[in-house]
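Engineer:
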Amino acid sequence: RISRNSHAQARKKQAVHSNIANGTFRPARRLASSLLAIFLALVVTSSALAQSCQPYTSPHQRIGFNVAPDNGYDIADYDAARLGAGWYHNYGVRLSPYRPGGILYHQMVRASIDRSNLDQVLASKIRNNPGSLWILGNEPDRYGQDGQTPAQYAAFYHDLYTYIRTIDPTSRIAVAGIVQPTPIRLRYLDMVLSSYAQQFGGPMPVEIWDIHNFILPEECGWGASIPPGLEGYRNEAVPCPPTLDDHGDLNIFKAQIRTFRQWMKDRGYRNTPLIVSEYGILLSKYHGYDHPRVRDYMTGTFDFMLNATDAQLGYSADGNRLVQEFAWFSLNYCEFDINTYFGLNGNLFDHDSAAIMPLGVDFANYINAITLRTIDLAFTNLELSATTVDPNTPVTLRATYVNQGGIAANNVEVQFWLGAPDSGGTLLGSAPLVAQVLTGCHSPLDATYQWSPTLGGNYTIYAVLTA
């Protein structure tokens, strides 16, 4: 079980070690040093480099929230950094997303996008955000949101998946979240998979499954309604409940997660990540959901999704956890107004005043207690622009690095040294300072420096990361 005790870790320095012998780069012997050294012969071969990517080095990185973009509001209009969450989405795409406090941003392409004009409306956003997670659609199983039949969604997914992956092979792509994993909506997903195979002659490529996990009626005067194209399956829909208690029933919430994981396993997707990109309490205090009740539900779902594992159903690459990431609804949707009957529950900030709500304080306190405040900068590669050089010929040194820590690193600098920095080496120069390096291994950064050796001979070059 994840502890709520936080801790700090000292920042790390690392070095890359190479040789230029008479203008020719050769492998060098490992030197005794407090810095990590690697061998280089055009290709990095040393175990001093980052060997694997651990996606969640701090539990808080799994927890996010949804930003309601109504009336032009965005995350920058609120003190969202105070929450300390790991990620968010705002039901859209951004060329340069706001990332207060080093929070990650997940892109979302809506079904209304002009698919005949993707080069104009999407290409630059893909190129500017390599390695991003892209959610393709939002509740296609619900009129009023993306509202697509299974065949329509299959075609949309195919076109966007192919387009994004062609431009950025490092992108991560998730299926749109259905409202809730109930029988009629699982049928909807089965029909999506079947339609995709019929339309495109092969299985639908799914790297990340995504659901929403509300608890709502489907054949009633309110709630989730019948998915488009499935009107003939009304008998499978969730009927009107006798009371409103089911909406905030933690046991039903847990059961729905397990139901979807079983559905995934039955269709060969057990070893696929699952994110819950939207869920929460929509009914207001006038419907019985006051602040303490919503708080207890929220923290109960956090506890469950952070810790629940199942050796038969869970994602084996993540310790058999059932859920990999999840996002609370919402940061800022309008609170329910009894006079207008407009609004919902669960907002962390007041929509208009931008003041933090009591639930926002609860959210922030929970996150703060589980955050591991570590910075772990590591090189992943080193490249040289030439295999042989003459004196006074420029050589470009390129170091690629990531932050595998729990929180973003600020003011990151890569220095290139002639000789060991702690043993009389000479600073050759530095790459431009990077104001913020986000966590994760999906978007590595490059640092370059151009150096011109004046004489032939053996040179030991170190690259050092500092923050």
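Every number in the working numbering is 835 more than the matching position in the sequence shown, counting from 1. Note that the Cβ used here is the ideal one computed from N, Cα and C, for glycine as well.
Quick one: which unbroken alpha helix (DSSP H) runs of 4-plus residues sit fully inside the segment 939 to 985? Chain order, please.
Structural biologist: For the segment 939 to 985, whole alpha helix (DSSP H) runs of length 4 or above, ordered along the chain, are 953 to 956 and 958 to 962.
Engineer: In the DSSP assignment, the beta strand (DSSP E) including Ala920 goes from what residue to what residue?
Structural biologist: Premise fails: Ala920 is in no beta strand (DSSP E) and is neither H nor E.
Engineer: Where does Pro1018 fall in DSSP's three states?
Structural biologist: Three-state DSSP puts Pro1018 in a helix.
Engineer: What ranges does the alpha helix (DSSP H) occupy inside the segment 1189 to 1263, keeping only unbroken runs of at least 4 residues that lie completely in it?
Structural biologist: Listed in chain order, they are 1193 to 1205.
Engineer: Any idea which residues DSSP pairs Ile1008 with across the strands?
Structural biologist: Partner(s): Trp969.
Engineer: Is the segment 1215 to 1228 close to the segment 1254 to 1271, with three or more CB pairs under 8 Å?
Structural biologist: Judged by Cβ distances under 8 Å, the segment 1215 to 1228 makes no contact with the segment 1254 to 1271, as fewer than three pairs qualify.
Engineer: Which class does Phe1184 belong to by DSSP, given the choice of helix, strand or coil?
Structural biologist: In this structure, Phe1184 counts as strand in the three-state DSSP scheme.
Engineer: Looking only at its own chain, which residues have a Cβ that is under 7 Å from the Cβ of Ala958, when we skip the five neighbours before and after it?
Structural biologist: Counting only Cβ-Cβ distances below 7 Å, and skipping sequence neighbours, we find Ile1002.
Engineer: For Gln1097, which of helix, strand or coil comes out of DSSP?
Structural biologist: Gln1097 falls in the helix class under three-state DSSP.
Engineer: May I ask which residues mark the beginning and end of the beta strand (DSSP E) holding Tyr1284?
Structural biologist: Residues Gly1275 to Trp1286.
Engineer: Candidates Val956, Phe900, Asp905 and Ser951: which alpha carbon is nearest Arg934's?
Structural biologist: Cα-wise, what sits closest to Arg934 is Phe900.
Engineer: With 16 other CB atoms within 10 Å as the buried threshold, where does Asp905 fall?
Structural biologist: It counts as exposed.
Engineer: State buried or exposed for Glu1066, treating a residue as buried only when at least 16 other CB atoms are found within 10 Å of its CB.
Structural biologist: Answer is exposed; the Cβ neighbour count stays below 16.
Engineer: With 16 as the cutoff for other CB atoms within 10 Å, does Pro1063 come out buried or exposed?
Structural biologist: The residue is buried, with at least 16 neighbouring Cβ atoms inside 10 Å.
Engineer: Along the chain, where does the beta strand (DSSP E) that runs through Thr1136 open and close?
Structural biologist: No beta strand (DSSP E) contains Thr1136, which is instead part of the alpha helix (DSSP H) from His1126 to Asn1142.
Engineer: Suppose the cutoff is 7 Å on Cβ atoms and the five residues either side in sequence are ignored; what does the same chain contact list for Arg1069 look like?
Structural biologist: So the list reads Glu1054 and Ile1061, once near-sequence residues are dropped.
Engineer: DSSP has Asn901 in a bridge; who is on the other side?
Structural biologist: The partner list for Asn901 (beta bridge, DSSP) reads His924.
Engineer: Are the CB atoms of Arg1007 and Leu968 within a distance shorter than 9 Å?
Structural biologist: Cβ distance < 9 Å, so Leu968 and Arg1007 count as in contact.
Engineer: Taking the beta strand (DSSP E) that Gln1271 belongs to, which residues open and close that run?
Structural biologist: Looking at the DSSP string, the run of the beta strand (DSSP E) that includes Gln1271 is Val1269 to Val1272.
Engineer: Within 10 angstroms of the Cβ of Thr1231, are there 16 or more other Cβ atoms? Answer buried if so, exposed if not.
Structural biologist: So Thr1231 ends up on the exposed side.
Engineer: As a quick exercise: from Gln1285, Asp1211, Ala1244 and Ala1162, pick the residue whose alpha carbon is nearest that of Leu918.
Structural biologist: For the residues Gln1285, Asp1211, Ala1244 and Ala1162, the minimum Cα distance to Leu918 belongs to Ala1162.
Engineer: Keeping to the same chain, check which residues put their C-beta closer than 8 Å to that of Val1111; ignore five residues upstream and five downstream.
Structural biologist: Taken in chain order, the residues that qualify are Gly1012, Asp1045, Ile1046, His1047, Asn1048, Ile1092, Met1140, Val1158, Glu1160, Phe1161 and Ala1162.
Engineer: By DSSP, does Thr801 sit in helix, in strand, or in coil?
Structural biologist: Nothing about residue 801 can be read from this structure; the chain reaches only from 836 to 1302.
Engineer: In three-state DSSP terms, what is Leu1024?
Structural biologist: Helix at Leu1024.
Engineer: Rounded to a whole number of angstroms, what is the C-alpha to C-alpha distance between Glu974 and Gly927?
Structural biologist: Straight-line Cα distance between these residues: approximately 13 Å.
Engineer: What's the C-alpha gap between Val956 and Ser1287?
Structural biologist: Near 43 Å, if we compare the C-alpha coordinates of Ser1287 and Val956.
Engineer: Check this for me: beta carbons of Ala1255 and Thr1295, under 9 Å apart or not?
Structural biologist: Yes. Within cutoff.
Engineer: Taking the straight line between their C-alpha atoms, what separation do you get for Ala872 and Ser893?
Structural biologist: Note that Ala872 has pLDDT 30, beneath the 50 cutoff, so the model's placement of it is unreliable and the number below is only indicative. Cα-Cα distance, rounded: 27 Å.
Engineer: What are the boundary residues of the beta strand (DSSP E) that includes Ala911?
Structural biologist: Careful: Ala911 lies outside any beta strand (DSSP E) and carries neither H nor E.
Engineer: Note the first and the last residue of the continuous beta strand (DSSP E) segment covering Glu1113.
Structural biologist: Its beta strand (DSSP E) spans residues Leu1109 to Tyr1114.
Engineer: Check whether the segment 1076 to 1091 and the segment 1123 to 1139 touch, using three or more Cβ-Cβ pairs below 8 Å as the test.
Structural biologist: They touch, by the three-pair rule.
Engineer: So, under 8 Å CB-CB, Tyr1150 and Asn1200 are touching, yes? Tell me the CB distance rounded to an integer number of Å.
Structural biologist: Going by Cβ atoms, the distance from Tyr1150 to Asn1200 rounds to 28 Å, so no, they are not a contact pair.
Engineer: Quick one: is Asp1025 buried, meaning 16 or more other Cβ sit within 10 Å of its Cβ, or exposed?
Structural biologist: Burial call: exposed.
Engineer: Let me know if Asn1180 comes out buried or exposed under the rule of 16 or more other beta-carbons within 10 Å of its beta-carbon.
Structural biologist: By the 10 Å Cβ count, Asn1180 comes out buried.
Engineer: Give every residue of the same chain whose Cβ lies closer than 6 Å to the Cβ of Gly966, excluding the five residues on either side of it in the sequence, and list them in chain order.
Structural biologist: Once the five neighbours on either side are set aside, the close Cβ partners of Gly966 are Thr1005, His1277 and Ser1278.
Engineer: Just how far apart, CA to CA, sit Gln1285 and Val1237?
Structural biologist: Whole-angstrom Cα-Cα distance: 21 Å.
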